[in-house]
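Worksheet for the structure shown next.
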Amino acid sequence: MPNEHRSDIRTALRAAFPHTLPIFAGFWFLGMAYGVYMDASGFSAWYPILMSIVIFGGSLEFVAVSLLLSPFAPLSVLGITLMIQGRHLFYGLSMLEKYKGTGWKKPYLIYALCDESFSINCSVRIPDGVDRGWFMFFVSLLNQSYWVTGTAAGALLGNFIPFSTEGLDFVVAAMFAVIFLEQWMKERKHWTALIGTLSSLACLLVFGKDSFLTPSMACILVLLTAFRRPLEREGGFA
Amino acid sequence: MMTTAQQLATIAICSAGTVLTRFLPFAVFSEKRPTPAFIRYLGKALPSAVFGMLVVYSLRDVRIMEGSHGAAEFAALAVTVLLHLWRRNMMLSMFVGTACCMLLKRLGL
Chain A
1 MPNEHRSDIR TALRAAFPHT LPIFAGFWFL GMAYGVYMDA SGFSAWYPIL MSIVIFGGSL
61 EFVAVSLLLS PFAPLSVLGI TLMIQGRHLF YGLSMLEKYK GTGWKKPYLI YALCDESFSI
121 NCSVRIPDGV DRGWFMFFVS LLNQSYWVTG TAAGALLGNF IPFSTEGLDF VVAAMFAVIF
181 LEQWMKERKH WTALIGTLSS LACLLVFGKD SFLTPSMACI LVLLTAFRRP LEREGGFA
Chain B
1 MMTTAQQLAT IAICSAGTVL TRFLPFAVFS EKRPTPAFIR YLGKALPSAV FGMLVVYSLR
61 DVRIMEGSHG AAEFAALAVT VLLHLWRRNM MLSMFVGTAC CMLLKRLGL
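Residue numbers (the numbering used here), protein chains in the order written: chain A, 1 to 238; chain B, 1 to 109.
Following this line, the structure appears as structure tokens:
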């Protein structure tokens, strides 16, 4: 590999790393909680580690614990998986342009398209002179490595944490709130932000916290489709 | 209780379903053909809507009807937002907001 190329990679890693620090905190906390939960449910450490590598989706991995403890039901497992993970379709649609032309890194970028990597790669303005593909690749890779190592740490030594970490999981909500604000300040019109927030709140109240995600996405899709003309005329997307 | 093979199959299905939801948009709208105008519109209109949804999603476990009615989370959210509007430093807003939430929980809120 030529030297110039290697320094490009280092520059991208150095630019990506700070953006992933809040994810490090959030994923180590949630990942450890997940590892401890798997351990307490009687699974050896290999299970949560394997699942964090091949599934890499926090909510589904938590739900999968009870699926693994129930009788074998492949079809309902698939149904639950698609319900919980359906939001990734939205991330994919949003990242079609951004992930274009990233070559061999593209399959991994898509494979590791979790909430947090989507948030960063979708909202961050990558500095001039930093390779886009490598930047987004490192964001995704670092995030997944935090999740896998956090899970492993929880599964192997979770019972030895000496202090209360209650409330630490708020870091994930804080991150989404800050990204939402950044997006809000970048755009001229806020209709789509309001559509997303209010549909989700309404569906949360109507359907409850375990099943509001699919109706929320349906509402958002219907509203964006119905108001396409005025929204496009007004423009102002970030 | 499942056999090990059934457990591995369950994990494989979770993985395959997840991979499907992540790859489907890219498989349907390939780089080689131009993306339809409606999908390009969705690509621009969705992010703000999705971030709004994710804020709600990440706070879905807050118990509004019981105990302190989510006082710690909502106070911490207000601190995060105000601090961010003031200093516009993402790390600072997230760090102080989270510390605030942990402190308030420790105080019994």
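Just so you know, even glycine gets a beta-carbon here, dropped at the ideal spot from N, CA and C.
Is residue i buried or exposed, if buried means 16 or more other CB atoms sit within 10 Å of its CB?
{"i": "B:Leu107", "result": "exposed"}
{"i": "A:Ser41", "result": "exposed"}
{"i": "B:Ala5", "result": "exposed"}
{"i": "A:Asn143", "result": "buried"}
{"i": "B:Met65", "result": "exposed"}
{"i": "A:Val222", "result": "exposed"}
{"i": "A:Glu232", "result": "exposed"}
{"i": "B:His69", "result": "exposed"}
{"i": "A:Phe17", "result": "exposed"}
{"i": "A:Asn121", "result": "buried"}
{"i": "B:Phe38", "result": "exposed"}
Just to confirm my understanding: we take residue i, look at its own chain, exclude 5 residues before and 5 after, and list those with CB closer than 6 Å. What are they?
{"i": "A:Ala25", "result": "Val171"}
{"i": "A:Leu67", "result": "Val77"}
{"i": "B:Ser93", "result": "Thr80, Leu83 and His84"}
Determine the DSSP secondary structure at residue i, reduced to helix, strand or coil.
{"i": "B:Ser58", "result": "helix"}
{"i": "A:Val124", "result": "coil"}
{"i": "B:Glu73", "result": "helix"}
{"i": "A:Leu242", "result": "Beyond the ends of chain A as shown, which are 1 and 238, falls residue 242 of chain A; an answer cannot be given."}
{"i": "B:Gly96", "result": "Looking at the sequence itself, residue 96 of chain B is Val, so the reference to Gly does not match. Helix at B:Val96."}
{"i": "A:Tyr99", "result": "coil"}
{"i": "A:Phe170", "result": "helix"}
{"i": "B:Met91", "result": "helix"}
{"i": "A:Gly31", "result": "helix"}
{"i": "A:Leu75", "result": "helix"}
{"i": "A:Trp104", "result": "coil"}
{"i": "B:Thr35", "result": "coil"}
{"i": "A:Ala45", "result": "coil"}
{"i": "A:Cys114", "result": "coil"}
{"i": "A:Gly236", "result": "coil"}
Which residues in the same chain have their Cβ closer than 8 Å to the Cβ of residue i, if we skip the five residues on either side of it in sequence?
{"i": "A:Ile49", "result": "Val148, Thr151, Ala152 and Ala155"}
{"i": "A:Thr102", "result": "Leu109, Arg132, Gly133, Met136 and Phe137"}
{"i": "B:Val96", "result": "Val79, Thr80 and Leu83"}
{"i": "A:Phe212", "result": "Ser200, Cys203, Leu204 and Val206"}
{"i": "B:Gly43", "result": "Thr35"}
Note down, in chain order, every chain A residue with its Cβ under 7 Å from the Cβ of residue i.
{"i": "B:Pro25", "result": "Leu89, Gly92, Leu93 and Leu96"}
{"i": "B:Ala75", "result": "The contacting residues do not exist; B:Ala75 stays about 11 Å from chain A at best."}
{"i": "B:Ala71", "result": "Within 7 Å Cβ-Cβ: nothing; B:Ala71 doesn't reach chain A, min ~12 Å."}
{"i": "B:Met90", "result": "Val178"}
I think residue i touches residue j, with their Cβ atoms under 8 Å apart; what is that distance to the nearest whole Å?
{"i": "A:Gly196", "j": "B:Ala49", "result": "3 Å"}
{"i": "A:Tyr146", "j": "A:Phe27", "result": "4 Å"}
{"i": "B:Ser15", "j": "A:Val54", "result": "4 Å"}
{"i": "A:Ala193", "j": "B:Gly17", "result": "Contact doesn't hold; Cβ gap of about 29 Å is too wide."}
{"i": "A:Thr11", "j": "A:Val130", "result": "6 Å"}
{"i": "A:Gly167", "j": "B:Met102", "result": "4 Å"}
I'd like the list of long-range same chain contacts for residue i, defined as Cβ closer than 7 Å, with 5 residues on each side in sequence excluded.
{"i": "A:Phe207", "result": "Pro215"}
{"i": "A:Arg6", "result": "none"}
{"i": "A:Ser117", "result": "Val139, Ser140 and Asn143"}
{"i": "A:Val65", "result": "Tyr37, Met38 and Ser41"}
Cβ closer than 7 Å: which chain B residues qualify as neighbours of residue i?
{"i": "A:Leu201", "result": "Val56"}
{"i": "A:Tyr111", "result": "Val19 and Arg22"}
{"i": "A:Asp115", "result": "Leu54"}
{"i": "A:Lys105", "result": "Neighbours of A:Lys105 on chain B: none; closest Cβ ~13 Å, over 7 Å."}
{"i": "A:Gln183", "result": "Pro47, Ser48 and Phe51"}
{"i": "A:Ile23", "result": "Those within 7 Å of A:Ile23 in chain B number zero; the least Cβ separation is about 10 Å."}
Could you tell me which chain A residues have their CB closer than 8 Å to the CB of residue i, listed as they occur along the chain?
{"i": "B:Leu60", "result": "The question names Leu, but residue 60 of chain B is Arg in the sequence shown. Those are Leu204, Lys209 and Phe212, listed as they occur along chain A."}
Quick one: list the residues of chain A neighbouring residue i, beta-carbon separation under 9 Å, in chain order.
{"i": "B:Thr4", "result": "Those do not exist, as B:Thr4 stays about 10 Å from chain A at its closest Cβ, beyond 9 Å."}
{"i": "B:Gly97", "result": "Phe170, Val171, Ala173, Ala174, Ala177 and Val178"}
Taking C-beta pairs closer than 9 Å, name the residues in chain B that residue i reaches, listed in chain order.
{"i": "A:Ser216", "result": "Met53, Val56 and Tyr57"}
Strictly below 8 Å CB to CB, what residues from chain B border residue i?
{"i": "A:Ala193", "result": "Ser48, Ala49, Phe51 and Gly52"}
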